[in-house]
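Below: one structure, written as structure tokens.
Numbering (the numbering used here), first residue to last: 7 to 141.
As structure tokens, this is what we get:
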């Protein structure tokens with residue numbers, strides 16, 4: 007029996023195209039560019055949940071599984087896995103799709119921690135959501 011091909015779950019937080027300026031001379035996209043896209047996706051989800059400004063506190067780990075090439079569409083998925091009093095943890099995955107194909111391949115994942123900030127840049131309490139359990 008053939009193993010099912012893994013696919014991302016949910017809707018992407020952002021999508022982008024890997025461009026020549028994002029690549030090394032061999033045509034592979036820089037890991038730093040990919041990490042920046044992951045940070046943007048996680049930051050977008052975090053700010054929406056916190057209803058305001060958030061900042062990256064840490065990236066617990068990042069694992070590069072496959073290369074990304076010039077012209078690939080990169081879809082970034084971010085899911086909140088934990089909400090504390092002022093911070094939240096998000097699991098982020100990046101998936102690539104070549105310009106001429108439909109198959110999506112997971113290229114990296116990482117765990118990001120964000121803190122909600124007030125107008126002065128200090129940590130602030132994240133308002134609870136209906137039925138939300140805090141850890």
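We put the CB at the ideal spot given by N, CA and C, even for glycine.
Can you give the Cα-Cα distance for residue i and residue j, rounded to whole angstroms?
i, j, result
"residue 95", "residue 24", "26 Å"
"residue 125", "residue 59", "8 Å"
"residue 62", "residue 31", "30 Å"
"residue 91", "residue 116", "22 Å"
"residue 14", "residue 68", "17 Å"
"residue 133", "residue 56", "7 Å"
"residue 128", "residue 46", "20 Å"
"residue 120", "residue 38", "19 Å"
"residue 70", "residue 43", "14 Å"
In terms of residue numbering, what span does the alpha helix (DSSP H) encompassing residue i cover?
i, result
"residue 47", "37 to 56"
Leaving aside the five residues before and after residue i along the sequence, list all residues of the same chain whose C-beta is less than 8 Å from its C-beta, in chain order.
i, result
"residue 51", "19, 84, 85, 86, 96"
"residue 21", "79, 80, 81, 82"
"residue 105", "77, 78, 79"
Under the three-state reduction of DSSP, which class applies to residue i: helix, strand or coil?
i, result
"residue 12", "coil"
"residue 28", "helix"
"residue 2", "Outside the displayed span of the chain (7 to 141) sits residue 2, for which this structure offers no information."
"residue 19", "coil"
"residue 34", "strand"
"residue 92", "coil"
Identify the continuous beta strand (DSSP E) that holds residue i and give its terminal residues.
i, result
"residue 78", "That residue, residue 78, is in no beta strand (DSSP E); it is neither H nor E in DSSP."
"residue 123", "Run containing residue 123: none; DSSP gives neither H nor E here."
"residue 130", "Premise fails: residue 130 is in no beta strand (DSSP E) and is neither H nor E."
"residue 109", "No beta strand (DSSP E) contains residue 109, which DSSP labels as neither H nor E."
"residue 67", "60 to 70"
Looking only at its chain, what residues have a beta carbon closer than 6 Å to the beta carbon of residue i, apart from the 5 residues adjacent to it on each side?
i, result
"residue 110", "101, 103"
Using a C-beta cutoff of 8 Å, does residue i count as contacting chain D?
i, result
"residue 51", "In the displayed structure, chain D is absent; only one protein chain is listed."
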